[in-house]
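Asker: Right, I'll just put the structure down here and ask away after.
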Amino acid sequence: MQRKAGRNCWQRREKRSVQILRRFLLLQTKVSEEESNLIHSLQFSETYFRILKRSMDLSISRLKPASISLSGGFGTHPLLAPCLNGLGKFSHLIDLDFMGDLMMCLKRLAGYSEDHDGSPQNCLSVSERLQCCIVAFRVMRSNLDALNVDLQEFFVQLYNLLLEYRPGRDHGDVLAEALKTMLWEGKQHDMQRAAAFIKRLATFALNFGSAEAISALVTLKHLLQKNSKCRCLLENDAGGGSLSGLVVKYQPEASDPNLSGALASVLWELSLLSKHYNPTISSMASSISSMETMTPSQNQAYLSTISPVQALRDLSVEQELSKPIGKPLTPNRKRKRDQHSDVASGHERVWEIECWVDEDEMKNKLENHFQVLRDIEENERLRAELNRTMKSISSYEEYKQQKKPKKGSAVSKKNKKSFVMVLVCQ
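Next comes the structure, spelled out in C-alpha cells:
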C-alpha cells in the first residue's frame with residue numbers, strides 16, 4: 001500500500017511538473033511573439049521607412065526625363081525592391097499612425113503629383129512604380145477595417161504605366177502581379193474605369209508579346225465577367241458602344257481612366273487578336289468576343305479561375321518547351337537550313353530583335369529613310385518640270401525655223417515677245 005501511495009504521489013508530481021512546463025512554454029511563446037512584433041516594428045521604422053524616404057528624396061533630386069525611358073528593372077534603387085516586398089509581407093504589423101504617410105509616400109513613388117502638369121515626377125523604372133502600386137493595395141487589404149483611403153491615383157498610375165511598359169526593359173511578372181492585385185482580385189469596379197481598363201488592355205495585348213498579351217486578355221475577360229454592362233464594347237456598331245458617359249467620344253490619350261470615354265468605343269482589337277499566330281491567344285480572343293450573348297447563369301459558371309500571373313507563367317513555359325531541340329544535321333538538311341534560315345527563326349528571333357533595338361536609333365533611321373523618299377519625290381517633280389521646259393524650248397526652236405522672219409522687222413519682234421510670254425506662263 002505504501003508503494004502504491006508513493007507511486008501515485010510521484011505520478012501526481014510528474015503531471016504537475018508537466019503542466020507547469022506547458023504553462024512556462026506558453027508564456028515563453030507569448031513573450032517571443034511580443035518580442036518578434038517589436039523587432040518587426042523596429043525593422044519597419046529603422047529600415048523600410050528609411051529606404052522609402054531615401055528613395056523618394058533621390059527621385060526628386062535626380063529627376064531626369066531620360067532616366068525614366070532608359071532605366072530598367074530595379075537598377076536605379078537596388079534596395080527599393082526588397083523594401084517593397086517586405087512591406088507587402090508584413091503589412092499587418094504596420095502601425096496605423098504611419099499608414100497615411102506610407103500611402104502618400106507610395107503615391108509619390110508611383111508617380112503621383114499635385115501639379116498635374118504632365119512632367120515626369122521621379123526617375124523610378126516602370127517595374128518599381130508598379131511594385132509601389134501592388135504594395136499599396138496589399139497594405140490596404142491587410143488593414144481593410146481600419147483604413148479609408150482612396151486608391152484612385154494608383155489606378156491612374158496603372159492605366160498610364162500600361163503604355164510605358166517595354167518587354168525587354170521591364171519585368172513581365174511584376175506587371176502580371178499588378179494586374180492580378182489591382183484588377184483581377186478587386187471588387188466590382190466603376191463602369192467608366194472598368195471600360196477604360198478593358199479598352200487599354202485590348203490595345204496592350206495587340207502591341208506586345210504572347211506572354212504579356214495572355215495576361216492582359218485574362219484580366220480583360222475577368223473584368224467583362226464581373227462588369228456585364230461593359231459588354232457593350234463587344235458590339236460592332238460604327239458609332240461605338242450603346243452606352244456612353246459624360247465623355248461621348250473616346251479619348252485614348254487621356255491620363256485618367258474615368259475621363260477616357262471608353263464606353264463610346266468598341267473592342268476592334270479582338271478581331272485582330274483572333275487571328276494571332278499563337279493558338280492560345282487566338283482562342284482566348286474568340287472566347288471573349290462570344291461573351292456578348294452570355295447569360296448570367298453562364299457568366300457564373302464560366303468565371304475564369306486562372307490568374308494573370310499563372311497565365312503568363314504557363315505561356316512562358318509553353319514557349320520554352322516548344323523550342324526545337326538541337327539534332328545533328330545531315331549535309332542536305334544543313335543546305336536547306338542555310339537556304340531558309342530566316343524563315344526557320346520564327347517569331348522568337350523577331351522577339352529578340354525587338355528587345356535590343358534602340359528606339360532612338362530606329363527613330364533616326366526611319367526619319368532618314370522618309371527624308372530620302374521625300375527627296376526622291378522632289379527629284380521626280382523637278383525632272384518633270386525640266387522635261388516640260390525642254391519641250392517648250394524645242395517647240396520654240398521649231399517655230400523659229402518655220403517662220404524665219406527678216407532680221408530687224410517689228411512684226412517678228414512682236415511675235416517673238418508674245419511667244420516668250422506664252423512660254424513663261426506655261
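One point on numbering: in full-length UniProt numbering, the residue at position 351 of the sequence shown is 351, and numbering is uninterrupted.
Backbone N, C-alpha and C fix where the C-beta goes; we use that ideal spot for every residue, glycine too.
1) Given a cut-off of 8 Å on the beta-carbon distance, is the pair Val-126 and Ser-255 in contact?
2) Mapping the DSSP letters down to three states, classify Thr-305 as helix, strand or coil.
3) Nearest to Asn-207 by CA position, among Val-317, Gly-86, His-276, is which residue?
4) Helix, strand or coil for Phe-208, going by three-state DSSP, please let me know.
5) Using only the alpha-carbon positions, how far apart do Leu-234 and Asn-85 sit?
6) Can you tell me which of the three DSSP states Ser-260 falls into?
7) Just tell me which of Ser-228, Ala-178, Ser-307 has its CA closest to the CA of Val-218.
8) Quick one: using the 10 Å Cβ neighbour count with 16 as the cut-off for buried, is Gly-168 buried or exposed?
9) Which of helix, strand or coil does DSSP assign to Ser-286?
10) Round the Cβ separation of Leu-52 and Cys-105 to the nearest angstrom and send it over; I've been treating them as touching at under 8 Å.
11) What does the alpha-carbon distance come out to for the pair Tyr-165 and Ala-384?
12) What first and last residue would you give for the alpha helix (DSSP H) that runs through Ile-134?
13) Is the CB-CB distance between Ala-176 and Val-309 below 8 Å?
14) Helix, strand or coil for Val-247, going by three-state DSSP, please let me know.
15) So, under 8 Å CB-CB, Asp-95 and Ser-41 are touching, yes? Tell me the CB distance rounded to an integer number of Å.
16) Would DSSP call His-77 helix, strand or coil?
17) For Ile-94, does the three-state DSSP call read helix, strand or coil?
18) Ignore the nearest five residues each way along the sequence and tell me which others in Arg-138's own chain have a CB closer than 6 Å to its CB.
19) Check the Cβ-Cβ distances between Lys-275 and every residue of chain C, and say whether any is below 8 Å.
20) For a test of the three-state rule: what should DSSP assign to Asp-101, helix, strand or coil?
21) Let's test the definition: count the other Cβ atoms within 10 Å of the Cβ of Lys-199 and tell me whether it reaches 16, buried, or not, exposed.
22) Out of Leu-183, Glu-212, Arg-193, which has the shortest C-alpha to C-alpha gap to His-171?
23) Excluding the five sequence neighbours on either side, which residues of its own chain have a C-beta within less than 7 Å of the C-beta of Gln-135, listed in chain order?
24) Does Ser-36 pass the burial test, meaning 16 or more other C-beta atoms within 10 Å, or should it be called exposed?
25) Roughly how many whole angstroms lie between the Cα atoms of Glu-185 and Lys-226?
26) Please tell me whether Ser-274 and Ser-265 are closer than 8 Å, where the distance is taken between their beta carbons.
27) Considering Cα atoms alone, identify which of Val-317, Cys-230, Lys-221 is closest to Thr-305.
28) Under the three-state reduction of DSSP, which class applies to Trp-184: helix, strand or coil?
Answerer: On the basis of the supplied data:
1) Looking up residue 126 in the sequence shown gives position 126. Looking up residue 255 in the sequence shown gives position 255. No, they are not a contact pair.
2) Position 305 of the sequence shown, counted from the first residue, corresponds to residue 305. Thr-305 falls in the coil class under three-state DSSP.
3) Translated into the one-based positions of the sequence shown, residue 207 becomes position 207. The residue with the shortest Cα to Cα distance from Asn-207 is His-276.
4) One-based indexing of the sequence shown puts residue 208 at position 208. Note: Phe-208 maps to coil in three-state DSSP.
5) Reading the sequence shown from its first residue, position 234 is the one you call residue 234. Reading the sequence shown from its first residue, position 85 is the one you call residue 85. Looking at the two C-alpha atoms, the distance is approximately 38 Å.
6) The residue you call residue 260 lines up with position 260 of the sequence shown. Three-state result, Ser-260: coil.
7) The sequence position of residue 218 within the sequence shown is 218, counting from 1. Among Ser-228, Ala-178, Ser-307, the Cα nearest to that of Val-218 is on Ser-307.
8) Locating residue 168 in the sequence shown gives position 168, counting from the first residue. In the assembly as shown, Gly-168 is an exposed residue. Its beta-carbon has fewer than 16 other beta-carbons within 10 Å.
9) Counting from 1 along the sequence shown, the entry for residue 286 is found at position 286. Three-state result, Ser-286: helix.
10) Position 52 of the sequence shown holds residue 52. Position 105 of the sequence shown holds residue 105. Here Leu-52 really is in contact with Cys-105; their C-beta atoms are around 5 Å apart, less than 8 Å.
11) The residue you call residue 165 lines up with position 165 of the sequence shown. The residue you call residue 384 lines up with position 384 of the sequence shown. About 48 Å.
12) As a working mapping, residue 134 is identified with position 134 in the sequence shown. Element bounds for Ile-134: 126-142.
13) As a working note, residue 176 is residue 176 in the sequence shown. As a working note, residue 309 is residue 309 in the sequence shown. A contact, by the Cβ cut-off of 8 Å.
14) Walking along the sequence shown from the start, residue 247 turns up at place 247. Note: Val-247 maps to coil in three-state DSSP.
15) Looking up residue 95 in the sequence shown gives position 95. Looking up residue 41 in the sequence shown gives position 41. Ser-41 and Asp-95 do touch by the CB rule: their CB atoms are close to 7 Å apart, below 8 Å.
16) As a first step, residue 77 must be located in the sequence shown, where it is residue number 77. When secondary structure is reduced to three states using DSSP, His-77 falls in the coil class, being assigned neither helix nor strand.
17) Against the sequence shown, residue 94 aligns to sequence position 94. DSSP places Ile-94 in coil when its eight states are reduced to three.
18) Sequence index remark: in the sequence shown, residue 138 carries index 138 (1-based). Hits under 6 Å: Gly-88, Ser-91.
19) This model lacks chain C altogether, as it is built from one protein chain only.
20) Here residue 101 corresponds to residue number 101 of the sequence shown, with the count starting at 1. DSSP places Asp-101 in the helix class (H, G or I) of the three-state scheme.
21) Working through the sequence shown from its first residue, we reach residue 199 at position 199. The residue is buried, with at least 16 neighbouring Cβ atoms inside 10 Å.
22) Translated into positions along the sequence shown, residue 171 becomes position 171. The shortest Cα separation from His-171 among Leu-183, Glu-212, Arg-193 belongs to Glu-212.
23) Within the sequence shown, residue 135 is the residue found at index 135, counting from 1. Sequence check: residue 135 is Val here, not Gln. Only Leu-84, Leu-87, Gly-88, Leu-106 meet the Cβ criterion.
24) Position 36 of the sequence shown holds residue 36. With fewer than 16 Cβ atoms within 10 Å of its Cβ, Ser-36 is classed as exposed.
25) In the sequence shown, residue 185 corresponds to position 185, counting from 1. In the sequence shown, residue 226 corresponds to position 226, counting from 1. Their backbone Cα atoms lie some 11 Å apart in a straight line.
26) Position 274 of the sequence shown, counted from the first residue, corresponds to residue 274. Position 265 of the sequence shown, counted from the first residue, corresponds to residue 265. Contact: no.
27) Taking the first residue of the sequence shown as position 1, residue 305 is located at position 305. Residue Lys-221 is the option with its Cα nearest to Thr-305.
28) Counting from one through the sequence shown, the residue named residue 184 turns up at place 184. Residue state, collapsed to three classes: helix.
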